[in-house]
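Residue numbers (our numbering): 240 to 558.
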């Protein structure tokens, strides 16, 4: 027993010495990382103190210890509100569309663009495709609204009329069930080119000898894409998929706010807009904080589940 205690003491001492040695050897790296650690603590973790508002009947004029604690009152109220479930449905529906199409299409676009052998044409297409990313959603929404309008400036209606697909202009922005798809296509137009850049960068890292070996084996261009390019960027795809799933419930409200109207509110109201309207604008800060906590908890669960799935299937886990 005494010998075992001496062994444990010796092991602990050796571990402490190794740790001290490692810290000394890496002292410059630790010093360089300190500003970022402080930034994370101040701007990412310190604001979490504000979550206590969700458990209080928060009044801005009162101090922290003067607030009335109400427990889970606002969470119970949240889960009893029908509008919350409507906003949750819209959020999940638009996010799933975004992940299904908005995640896959940039990969296809990058694969196709990589196959273009004309360098000048490739650069022009790439530049034109990612320029909309730099347009703010205010301007983008204005352009989309104009394109979908029923008057002569609405190019979509004019095109459909010229092709005799429709007999009279359609007010797309006044069709509630079309709103999710309008948001999806708007997002694709704006972000496909930009999102494909990271896949193009990953493709350039693939060893060219793998393509040469595939050609020797008689693989055509499609089989080279399937057996060489896609496996080569698989880890990148999985990591980005995990990150996208983490944002499943945090889709923002800019697009929905700028493209929506009172007619399509049933399909345009999302959780972020719900928290803004029912929490901040009405002065119900505790209720808005409860919505924010719900979103954060769900996002963490989704990221952990996606990461676990990635770990099970092989590579690509980020946690």
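Heads up, the beta-carbon is just placed ideally off N, CA and C, and yes, glycines get one too. Since the structure is predicted, the reported quantities are computational estimates derived from the model, not experimental observations.
Beta-carbon separation (whole angstroms), residue i vs residue j, contact threshold 8 Å
| i | j | result |
| --- | --- | --- |
| residue 480 | residue 342 | 7 Å |
| residue 323 | residue 513 | 7 Å |
| residue 489 | residue 538 | 6 Å |
| residue 474 | residue 348 | Actually they are not in contact, since the Cβ atoms of residue 474 and residue 348 sit about 19 Å apart, beyond 8 Å. |
| residue 549 | residue 477 | 5 Å |
| residue 449 | residue 330 | Contact flag wrong, Cβ pair sits at about 41 Å. |
| residue 505 | residue 325 | 7 Å |
| residue 411 | residue 387 | 5 Å |
| residue 485 | residue 541 | 6 Å |
| residue 353 | residue 442 | 5 Å |
Alpha carbon of residue i to alpha carbon of residue j, nearest angstrom
| i | j | result |
| --- | --- | --- |
| residue 308 | residue 552 | 46 Å |
| residue 469 | residue 384 | 37 Å |
| residue 374 | residue 290 | 34 Å |
| residue 318 | residue 526 | 11 Å |
| residue 350 | residue 465 | 10 Å |
| residue 321 | residue 491 | 20 Å |
| residue 395 | residue 358 | 32 Å |
| residue 276 | residue 265 | 16 Å |
| residue 312 | residue 546 | 33 Å |
| residue 517 | residue 361 | 48 Å |
| residue 332 | residue 508 | 11 Å |
| residue 254 | residue 271 | 25 Å |
| residue 300 | residue 283 | 25 Å |
| residue 422 | residue 494 | 7 Å |
| residue 487 | residue 335 | 7 Å |
| residue 459 | residue 346 | 20 Å |
| residue 338 | residue 344 | 10 Å |
| residue 316 | residue 327 | 15 Å |
| residue 515 | residue 522 | 10 Å |
| residue 298 | residue 314 | 18 Å |
| residue 256 | residue 248 | 12 Å |
| residue 561 | residue 447 | Past the boundaries of the shown model lies residue 561; the chain is included only from 240 to 558, so the question cannot be answered. |
| residue 376 | residue 355 | 31 Å |
| residue 280 | residue 304 | 24 Å |
| residue 363 | residue 535 | 40 Å |
| residue 205 | residue 391 | There is no way to answer for residue 205, as the model of the chain reaches only from 240 to 558. |
| residue 370 | residue 382 | 14 Å |
| residue 420 | residue 366 | 25 Å |
| residue 278 | residue 269 | 14 Å |
| residue 340 | residue 414 | 21 Å |
| residue 378 | residue 393 | 16 Å |
7 Å Cβ shell around residue i - same chain, five flanking residues per side excluded
| i | result |
| --- | --- |
| residue 445 | 467, 468, 471 |
| residue 372 | 429, 430, 432, 433 |
| residue 295 | 306, 307, 308, 309, 525 |
| residue 273 | none |
Residues of its chain near residue i, where Cβ-Cβ distance is below 8 Å and the 5 sequence neighbours each way are ignored
| i | result |
| --- | --- |
| residue 454 | 463 |
| residue 519 | 527 |
| residue 389 | 396, 408, 409, 410 |
Cβ neighbours of residue i in the same chain (closer than 6 Å, five flanking residues each side left out)
| i | result |
| --- | --- |
| residue 439 | 349 |
| residue 368 | 432 |
(message) Could you tell me which whole alpha helix (DSSP H) segments of length 4 or greater appear in the region 323-410?
(response) Whole alpha helix (DSSP H) segments, 4+ residues: 342-354, 358-369, 376-386, 394-401.
(message) For the structure I just gave you, are there three or more beta carbon pairs, one from the region 400-416 and one from the region 424-435, closer than 8 Å?
(response) Taking 8 Å as the limit for Cβ pairs, the verdict is that the region 424-435 does not touch the region 400-416.
(request) Assess, as a yes-or-no matter, whether the region 491-508 is touched by the region 256-269 under the definition of 3 or more beta carbon pairs within less than 8 Å. (result) Taking a cut-off of 8 Å on C-beta distances, the region 256-269 does not touch the region 491-508, as fewer than three cross pairs fall below it.
(request) Report yes or no: do three or more beta-carbon pairs, one from the region 528-536 and one from the region 275-294, lie closer than 8 Å? (result) Segments in contact, yes.
(message) Going residue by residue through the region 278-321, where are the continuous alpha helix (DSSP H) segments of at least 4 residues, counting only ones entirely within it?
(response) Fully enclosed alpha helix (DSSP H) runs of 4 or longer: 312-318.
(request) Within the region 475-531, note down every full alpha helix (DSSP H) run reaching 4 residues or more, in order along the chain. (result) Segments of the alpha helix (DSSP H) lying fully in the region 475-531: 493-498, 504-507, 510-514.
(request) Go through the region 404-474 residue by residue and report every complete run of the alpha helix (DSSP H) that reaches 4 residues or more, in order. (result) Under the rule that a run must span 4 or more residues, the alpha helix (DSSP H) segments found entirely inside the region 404-474 read 418-443, 447-455, 460-463.
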